[in-house]
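Chemist: Chains as they are written, first to last, in the working numbering: chain A, 521 to 764; chain B, 521 to 764. All residues carry an ideal CB built from backbone N, CA and C; glycine is no exception.
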DNA sequence: TTACATTTAAATGTCTGACAATTTGAACGC
DNA sequence: GCGTTCAAATTGTCAGACATTTAAATGTAA
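(1) With residue 564 of chain A as the anchor, note down where its beta strand (DSSP E) starts and where it stops.
(2) Please determine if the stretch 669-679 of chain A and the stretch 726-738 of chain B are in contact, where contact requires at least 3 C-beta pairs separated by less than 8 Å.
(3) Excluding the 5 residues preceding and the 5 following residue 749 of chain B in the sequence, name in chain order all residues of the same chain whose CB lies nearer than 7 Å to its CB.
(4) What do you get for residue 549 of chain A, buried or exposed, if any count of 16 or more other CB atoms within 10 angstroms of its CB means buried?
(5) Pick helix, strand or coil for residue 523 of chain A, following the three-state DSSP scheme.
(6) Beta-carbon separation of residue 641 of chain A and residue 684 of chain A under 7 Å?
(7) In whole angstroms, what separates the C-alpha of residue 566 of chain A from that of residue 574 of chain A?
(8) Using beta carbons (cut-off 7 Å, strictly below), is residue 690 of chain A in contact with chain B?
(9) Should residue 673 of chain A be labelled buried (16 or more other beta-carbon atoms within 10 Å of its own) or exposed?
(10) For residue 604 of chain A, which residues of its own chain have a beta-carbon under 7 Å away from its beta-carbon, when the five flanking residues on both sides are left out?
(11) Taking only beta-carbon atoms, is residue 748 of chain B less than 7 Å away from chain A?
(12) Interface residues of chain B around residue 632 of chain A at Cβ under 7 Å?
(13) Could you tell me which of A:678, A:594 and A:559 sits nearest to residue 540 of chain A, measuring between CA atoms?
(14) Expressed to the nearest angstrom, what Euclidean distance is found between the alpha-carbon atoms of residue 655 of chain B and residue 543 of chain B?
(15) Report yes or no: do three or more beta-carbon pairs, one from the stretch 604-613 of chain B and one from the stretch 696-703 of chain B, lie closer than 8 Å?
(16) Per DSSP, residue 587 of chain A is paired with what?
(17) Let me confirm a value: residue 764 of chain B is counted as buried when at least 16 other C-beta atoms fall within 10 Å, else exposed. Which label applies?
(18) How do the stretch 609-622 of chain B and the stretch 584-602 of chain A stand: do at least 3 beta-carbon pairs fall below 8 Å, yes or no?
(19) Can the beta-carbon of residue 568 of chain A be found closer than 7 Å to that of residue 561 of chain A?
(20) Compare the C-beta of residue 625 of chain A with all C-beta atoms of chain B and state if any pair is closer than 7 Å.
(21) Would you identify the three-state DSSP class for residue 731 of chain B, choosing helix, strand or coil?
(22) Determine the chain B residues that contact residue 697 of chain A at a beta-carbon separation under 7 Å, and present them in chain order.
(23) Does DSSP put residue 758 of chain B in a helix, in a strand, or in coil?
(24) In the DSSP assignment, find the unbroken alpha helix (DSSP H) run with residue 691 of chain A in it and report its ends.
(25) Anything in the stretch 559-577 of chain B with a Cβ closer than 7 Å to a Cβ of chain A? List those residues in chain order, please.
(26) Give the residues of chain A in contact with residue 610 of chain B, contact being defined as C-beta atoms less than 9 Å apart.
(27) Taking Cβ-Cβ distances shorter than 8 Å, what residues in chain B pair up with residue 598 of chain A?
(28) Compute the distance between the beta-carbons of residue 636 of chain B and residue 653 of chain B, then report whether it is under 7 Å.
(29) If the cut is a Cβ gap below 9 Å, which residues of chain A does residue 613 of chain B touch?
(30) Which whole-angstrom value is the C-beta distance of residue 551 of chain A and residue 596 of chain A, which I expect to be below 8 Å?
(31) Evaluate residue 545 of chain A with the Cβ neighbour count: other Cβ atoms within 10 Å of its Cβ, from every protein chain shown; 16 or more gives buried, anything less gives exposed.
(32) For chain A, find out if any of its Cβ atoms is closer than 7 Å to the Cβ of residue 706 of chain B; answer yes or no.
(33) Could you tell me whether the stretch 736-752 of chain A touches the stretch 718-725 of chain A, where touching means 3 or more Cβ pairs closer than 8 Å?
(34) Around the Cβ of residue 677 of chain A, are there at least 16 other Cβ atoms within 10 angstroms (buried) or fewer (exposed)?
(35) What does the alpha-carbon distance come out to for the pair residue 753 of chain A and residue 710 of chain A?
(36) Using beta carbons (cut-off 7 Å, strictly below), is residue 743 of chain B in contact with chain A?
Here's what the structure looks like:
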């Protein structure tokens, strides 16, 4: 593990990069203890605060965890699904909110990804994931639900749909896409009429999955996409002419 | 922006969280300058090194960027696609390598996601993305290519396929899934025979996209998935009985 | 007036040294 | 043998200082 003495970038960034490379390449393995901060400072010929800044960078990416006390130190962290989910969602949310992604593009991506796991979901859906979907549908039919709560339930329904595919890698990948859409969806005002329509689509999807009918589920999903798109466009149009 | 004085977690983590929340919630907007390190230290009643550790955490997630000199400081960073790609790929790669994801599960997820963008790719593929795919196919047919180079070209082909869909959100989501598979794919020894078969599938996919035939492309993709799966299983089986 | 060189101030980057807090293992006494 | 105490190692935090970089402000000459 070496750093370039002629590089004029931040030392802490260089050191973090060197350690990150060692982890990604497998030179440092899971749960292995890194040298102490003092030893790292000595090794890289920098001061301890600089080493600490580098370690904090790695900790922010969940690459290491630290423990205080004797025989404590920094350890290579096994990246868990929940940690990866969290980072995925933060990144995806910011990417969408900061880059003027159109509602149409985000919607298209989301439903394309969901349709991708529908065949697997139709094959493998469990009583458990079906029950989750039914419960969320029931919640969505309750009157007096705020728009935010309706949206949150919508996200929960779609996550259950994704989880039905029984593939953790897919679940991980789609968690970001589905959750990141929520702020955009929250801008929509769901009237009683549109809620009814959405609950109808959700019911059709759940029914199709229960009967192992992938194509019917995909069809309902596509119709839901088209409907969501019209709702979103209405909102955008209303925003474009605020004089009304 | 406040921190809990009774929380016994690291101060730098708390401060980073407070600033992150302010960014994600929109209280701090893109390109806005944060207070100087000295001001932040004063605001949170901590020392400057502690503030710096917090800022390095945020920098590691590309949430802020820093500039030296007068009128420099920390600025809220617009998360760009390349930055998001990079984080996505690092996270996905580690998730796969550290969690004993089976080749089958990873493969299934990858091809499911790719099939999801095939209909869009068939509709929108450009001469540019088609040319990229053809060039990679040509490279893959060269004799004397190392397994690693063949794999890299394979990834480039599939990225071109994904980019053909013309949806940056999809491209972003799938970058991680496709690239993260590379280390797993690198374990496969590609014989001349299997390379020929893969080039054949790739050619069928490119041809189908050129003719705007989504279903033919999906069919070729599914066959490629099945073929990849058998190659991977052979490798795993060979590893399971190393006495041979 | 304009163009260019110089100065200056503000900010981040880095270092040194110190102390606090936490955790573990080992020595000690019963 | 067992519980208690103590020492050592390590991270967490702080204070102050200096180095480096950058851009605005200032001064100077054509």
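Modeler: Taking the definition as stated:
(1) In the first chain, residue 564 of chain A corresponds to position 44, counting from 1. Run containing residue 564 of chain A: none in the beta strand (DSSP E); it sits in the alpha helix (DSSP H), 557-564.
(2) no
(3) Reading the second chain from its first residue, position 229 is the one you call residue 749 of chain B. Counting only Cβ-Cβ distances below 7 Å, and skipping sequence neighbours, we find 624 and 627.
(4) To locate residue 549 of chain A, count along the first chain from 1; it is residue 29. So residue 549 of chain A ends up on the exposed side.
(5) Working through the first chain from its first residue, we reach residue 523 of chain A at position 3. Looking at residue 523 of chain A - three-state DSSP - the assignment turns out to be coil, as it is neither helix nor strand.
(6) By 1-based counting over the first chain, the position of residue 641 of chain A is 121. By 1-based counting over the first chain, the position of residue 684 of chain A is 164. Contact flag set, yes.
(7) Numbered from 1 along the first chain, position 46 holds the residue referred to as residue 566 of chain A. Numbered from 1 along the first chain, position 54 holds the residue referred to as residue 574 of chain A. The alpha-carbon atoms of residue 566 of chain A and residue 574 of chain A are separated by roughly 11 Å.
(8) On the first chain, residue 690 of chain A is found 170 positions in, with the first residue counted as 1. So yes, residue 690 of chain A belongs to the interface.
(9) Here the question's residue 673 of chain A lines up with position 153 in the first chain. Burial call: buried.
(10) Sequence index remark: in the first chain, residue 604 of chain A carries index 84 (1-based). Excluding residues within five positions, the ones whose Cβ falls inside 7 Å are 692.
(11) The residue given as residue 748 of chain B occupies position 228 in the second chain. No, residue 748 of chain B lies away from the interface with chain A (no Cβ there is under 7 Å from its Cβ).
(12) If you number the first chain from 1, residue 632 of chain A lands on position 112. What residue 632 of chain A touches in chain B: 636, 637, 640 and 690.
(13) As a first step, residue 540 of chain A is located in the first chain; it is residue number 20 there, counting from the start. The residue with the shortest Cα to Cα distance from residue 540 of chain A is A:594.
(14) Position 135 of the second chain, counted from the start, is the residue given in the question as residue 655 of chain B. Position 23 of the second chain, counted from the start, is the residue given in the question as residue 543 of chain B. Spanning the two alpha carbons is a distance of roughly 42 Å.
(15) yes
(16) Working through the first chain from its first residue, we reach residue 587 of chain A at position 67. Partner(s): A:593.
(17) Counting from 1 along the second chain, the entry for residue 764 of chain B is found at position 244. Confidence at residue 764 of chain B is low in this model, with a pLDDT of 46, below 50, so the placement of that residue should be treated as unreliable; the coordinate-derived value is given next. The residue is exposed, with fewer than 16 neighbouring Cβ atoms inside 10 Å.
(18) yes
(19) As a working note, residue 568 of chain A is residue 48 in the first chain. As a working note, residue 561 of chain A is residue 41 in the first chain. Contact: yes.
(20) Indexing the first chain from 1 puts residue 625 of chain A at position 105. With 7 Å as the cut-off, residue 625 of chain A counts as an interface residue toward chain B.
(21) Translated into the one-based positions of the second chain, residue 731 of chain B becomes position 211. In this structure, residue 731 of chain B counts as coil in the three-state DSSP scheme.
(22) The residue labelled residue 697 of chain A in the question sits at position 177 within the first chain. Correct list: 693.
(23) As a working note, residue 758 of chain B is residue 238 in the second chain. Residue state, collapsed to three classes: helix.
(24) The residue labelled residue 691 of chain A in the question sits at position 171 within the first chain. Its alpha helix (DSSP H) spans residues 688-700.
(25) 569, 572, 573, 576 and 577
(26) Position 90 of the second chain holds residue 610 of chain B. Per Cβ cutoff of 9 Å: 540, 544, 581 and 583.
(27) Mapped onto the first chain, residue 598 of chain A falls at position 78. Under the 8 Å cutoff, chain B gives 618 and 619.
(28) Working through the second chain from its first residue, we reach residue 636 of chain B at position 116. Working through the second chain from its first residue, we reach residue 653 of chain B at position 133. Cβ distance not < 7 Å, so residue 636 of chain B and residue 653 of chain B don't count as in contact.
(29) To locate residue 613 of chain B, count along the second chain from 1; it is residue 93. Within chain A, the residues near residue 613 of chain B are 544.
(30) On the first chain, residue 551 of chain A is found 31 positions in, with the first residue counted as 1. On the first chain, residue 596 of chain A is found 76 positions in, with the first residue counted as 1. The pair is a contact, with the Cβ atoms about 6 Å apart (cut-off 8 Å).
(31) The sequence position of residue 545 of chain A within the first chain is 25, counting from 1. With fewer than 16 Cβ atoms within 10 Å of its Cβ, residue 545 of chain A is classed as exposed.
(32) As a working mapping, residue 706 of chain B is identified with position 186 in the second chain. Output row for residue 706 of chain B: interface = no.
(33) yes
(34) Your numbering for residue 677 of chain A matches position 157 in the first chain. Under this definition residue 677 of chain A is a buried residue.
(35) For the purposes of this step, residue 753 of chain A is taken as the residue at position 233 of the first chain. For the purposes of this step, residue 710 of chain A is taken as the residue at position 190 of the first chain. If you take the alpha carbons of residue 753 of chain A and residue 710 of chain A, they lie about 13 Å apart.
(36) On the second chain, residue 743 of chain B is found 223 positions in, with the first residue counted as 1. No, residue 743 of chain B lies away from the interface with chain A (no Cβ there is under 7 Å from its Cβ).
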